[in-house]
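> Numbered according to full-length UniProt numbering, the sequence shown spans residues 1 to 542.
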Amino acid sequence: MEAATAVAAPIPAADAAAKALEKKLLDLELPPFPAPAKKAAAKVVAAAPKKKLAGGAGGYVLEDVPHLTDYLPNLPSFPNPLQNHPAYSVVKQYFVNADDTVAKKIVVHKGSARGTHFRRAGPRQRVFFQPDEVSAAIVTCGGLCPGLNTVIRELVCGLHDMYGVTSVVGIEGGYRGFYARNTVELTPRSVNGIHKRGGTVLGTSRGGQDTGKIVDSIQDRGINQVYIIGGDGTQKGAATIHAEVQRRGLKCAVVGVPKTIDNDIAVIDRSFGFDTAVEEAQRAINAAHVEAESAENGVGVVKLMGRNSGFIAMYATLASRDVDLCLIPESPFYLEGKGGLLEFAEKRLRENGHMVIVVAEGAGQDVIARSMRLADAHDASGNKVLLDVGLWLCAKIKDHFKKKANFPITLKYIDPTYMIRAVPSNASDNVYCSLLAHSAIHGAMAGYTGFTVAPVNGRHAYIPFYRITEKQNKVVITDRMWARVLCSTNQPCFLSTEDVEKAGQDDEEPIVPLVEGENSLVKAPPLLANAGDGAALCNGAA
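1. In chain order, what residues of the same chain have a beta carbon less than 7 Å from the beta carbon of glycine 517, not counting five sequence neighbours either side?
2. Which word fits arginine 321, buried or exposed, when buried means at least 16 other C-beta atoms lie within 10 angstroms of its C-beta?
3. Which residue spans inside the region 283-370 form an unbroken beta strand (DSSP E) run of at least 3?
4. Taking three-plus beta-carbon pairs below 8 Å as touching, is the region 173-190 in contact with the region 212-223?
5. Am I right that proline 123 and valine 96 are in contact with their C-beta atoms under 8 Å? What's the rounded C-beta distance?
6. Spell out a yes or no on whether the region 258-265 and the region 303-315 are touching, meaning 3 or more CB-CB pairs, one atom from each, closer than 8 Å.
7. Is it right to say leucine 436 is buried, meaning 16 or more other beta carbons lie within 10 angstroms of its own, or is it exposed?
8. Do arginine 421 and cysteine 145 come within 7 Å of each other at the CB atom, strictly closer than that value?
9. Would you give the residue range spanned by the beta strand (DSSP E) that arginine 459 belongs to?
10. Between asparagine 286 and the rest of its own chain, which residues show a CB-CB distance below 6 Å, the 5 nearest in sequence each way excluded?
11. Using only alpha-carbon positions, find the residue among Lys398, Ala363, Asp399 that is nearest to valine 385.
12. Which residues in the same chain have their Cβ closer than 6 Å to the Cβ of glycine 534, if we skip the five residues on either side of it in sequence?
13. Hey, which unbroken runs of the alpha helix (DSSP H) at 4 residues or more fall wholly within the region 122-208?
14. How do the region 325-342 and the region 449-463 stand: do at least 3 beta-carbon pairs fall below 8 Å, yes or no?
15. Determine the contact status of phenylalanine 272 and tyrosine 418, defining contact as a CB-CB distance below 7 Å.
16. Hey, quick one: how far does the beta strand (DSSP E) through arginine 120 stretch, first residue to last?
17. How big is the Cα-Cα spacing for valine 476 and valine 165?
18. Whose C-beta lies closer than 7 Å to the C-beta of isoleucine 368 among residues of the same chain, with five residues either side of it excluded?
19. Roughly how far, in whole angstroms, is the beta-carbon of leucine 304 from the beta-carbon of alanine 319, given that I think they are within contact range, below 8 Å?
20. Can you give, in chain order, each stretch of the alpha helix (DSSP H) that sits fully within the region 382-416 and has at least 4 residues?
21. Between threonine 410 and glycine 298, is the Cβ-Cβ spacing less than 7 Å?
22. Please determine, among Ala243, Arg206, Ser428, the residue with the shortest C-alpha to C-alpha distance to glutamate 279.
23. List the whole-angstrom C-beta distance separating aspartate 64 from lysine 50, where the pair is believed to meet the contact cut-off of C-beta under 8 Å.
24. Closer than 8 Å by C-beta to valine 254: which residues in its own chain qualify, once you throw out the five before and the five after it? Chain order, please.
25. Ordered along the chain, which non-local residues of its own chain (more than five positions away) have a Cβ less than 6 Å from that of asparagine 224?
26. Can you look up proline 79 in the DSSP assignment and give me helix, strand or coil?
27. Quick one: what's got a C-beta closer than 7 Å to glycine 222's C-beta in the same chain, skipping five residues either side?
28. For arginine 153, which option in Lys412, Asn430, Ala483, Ile463 has the closest C-alpha, if you only look at C-alpha atoms?
29. In chain order, what residues of the same chain lie with their CB nearer than 6 Å to the CB of phenylalanine 401, ignoring the 5 residues before and after it?
30. Would you identify the three-state DSSP class for isoleucine 268, choosing helix, strand or coil?
31. Helix or strand or just coil, what does DSSP make of threonine 449?
32. Threonine 478 by DSSP, collapsed to three states: which one?
33. Going by C-alpha to C-alpha distance, which of Gly115, Lys403, Gly231 sits closest to glutamate 470?
34. Rounded to the nearest angstrom, what separates residue 587 and valine 359 at their Cα positions?
35. Would you tell me roughly how many angstroms separate the C-alpha atoms of lysine 474 and asparagine 84, rounded to the nearest one?
36. So threonine 140 and threonine 204 are in contact, right, with Cβ under 8 Å, and what is the actual spacing, rounded?
This is the structure in structure tokens:
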């Protein structure tokens, strides 16, 4: 058996791909920033995350998540109380195998490496918290999304029903609530029916990320499990909270539950609330279609959510089949000239007598900014303030057809944005939220920290914070799914050759050489699942 440390092996000079990966792996092992010289510094500077990489004997690279024993090596572990839980008595296998991993990519080419894996989510044989010592806190941040209350409910009930935890509090008003508001006690009784309501019973806000004050509050209140529900900006904040908790040596698990109605979080299959959003968007599209079909040269314009990613607009268009034109942020378009949007609208109205346009809120922002000569502005979360593409597009369409003799149109504009995000989650999202909450609880109880939980290729996994915050998930306009939209709507592509080439380059992933053999970058023995009692080996077995 090989030595227990992971080292970078020499790489032939001619192997450019291997060199690139070696540099990537070495860059991942960045040391943290030096501690500030003055203890009274106003804000905590986030250190570069130290990333846990190791190679499995099966030929993959495991991007592992932090564990409390990484900086508290003498923590005791205890038998998982689930083994005595009556509800689990019929389950053939109580616990996830210690060496189970989830592949980031499941479609590979002949001869390619197994690639990157994440640690599989689920209950472990040993836990690092006794039920009576757990003091958990739950916070919701950012914009509203269907399913927030369901996640809160399932975290509270899951902690209580599965592990016997009785001390759970809610942080009101987002991150700022840690130091500016009192906590609210959460019990299974108090959260029993909240999944039937939209919004969040804890309230939410943007900004307020003062890491030092937040961790001071966590320490003063004796909180040792923090569940943070929010989007990529919130998860970045969670990463800095975890780093500060670790720097202070606190026994506190920091766990993220990814939330974004736009489905723009990288790596994961989908975010909760997305299915509900697509379903609710159908109501608006159906209304626009009825209005357009009932009028002479009727045009229905529907603006849907999608700041940087057009997944809601794309899936709602595919589900509806009544849409004639779908505009998303990833696919540029132009109005005037041959092959432009206005020419297509005129052609479609002459052929069908009506049309429906679905536009994501982030589409065409560069075109609007140029036409209106406006400077960029940003909100409290650092997001770019969007110009109203719906109103702008309606004005352009009306202006165009005013110049056409004997071509009157009737245009109806529907903006259901805040109606969609404020509704309760549907059945599919309710089930999904329950699975997310339970996986988060199992991870925290097992001593894992500094991670987000979500499905990857259908299996729930523990993903390091940095992997979901380094970039956003976007519609790939060179992919077959977008081609299906174009086939459904029969709209023009609007893309130049340069646009297509750029889109293909943006979607390319770096070539990863085989982890085993002469190109090996990481040579390690079977991986330790965790450093506590009953630690098991991760040998890459299927």
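C-beta: ideal position from N, C-alpha, C; glycine also.
On the basis of the coordinates in this document:
1. The pLDDT assigned to glycine 517 is 36, lower than 50, so where the model puts this residue is not dependable; a value taken from the coordinates is nonetheless given after this. Result list for glycine 517: empty, nothing under 7 Å.
2. exposed
3. 298-304, 325-327, 354-360
4. yes
5. Yes, proline 123 and valine 96 are in contact; Cβ-Cβ is about 6 Å, under 8 Å.
6. yes
7. buried
8. Pairing cysteine 145 with arginine 421 gives a Cβ-Cβ distance under 7 Å.
9. 459-464
10. No residues qualify anywhere along the chain.
11. Ala363
12. Caution is warranted here: a pLDDT of 40 is assigned to glycine 534, below 50, making its placement in the model unreliable, and no coordinate value can be reported.
13. 148-163, 177-180
14. no
15. no
16. From DSSP, the beta strand (DSSP E) with arginine 120 extends over 115-120.
17. If I take the Cα positions, the gap works out to 43 Å.
18. Taking C-beta separations shorter than 7 Å and ignoring five residues to either side along the sequence, the partners of isoleucine 368 in its chain run Leu387, Val389, Trp392, following chain order.
19. Between leucine 304 and alanine 319, the beta carbon gap of about 12 Å keeps them out of contact (Cβ cut-off 8 Å).
20. 389-402
21. yes
22. The candidate whose alpha carbon is nearest that of glutamate 279 is Ser428.
23. 11 Å between Cβ atoms; not a contact.
24. Val226, Ile228, Ala238, Ile241, His242, Val245, Thr449, Gly450
25. Ser135, Lys251, Cys252
26. strand
27. The beta carbon of glycine 222 sits closer than 7 Å to those of Ser135, all from its chain and outside the five residues before and after it, given in chain order.
28. Asn430
29. Phe407, Ile409
30. coil
31. coil
32. coil
33. Gly231
34. Since the first residue of the chain shown is 1 and the last is 542, residue 587 is not available in this structure.
35. 44 Å
36. Contact holds; Cβ gap of about 5 Å.
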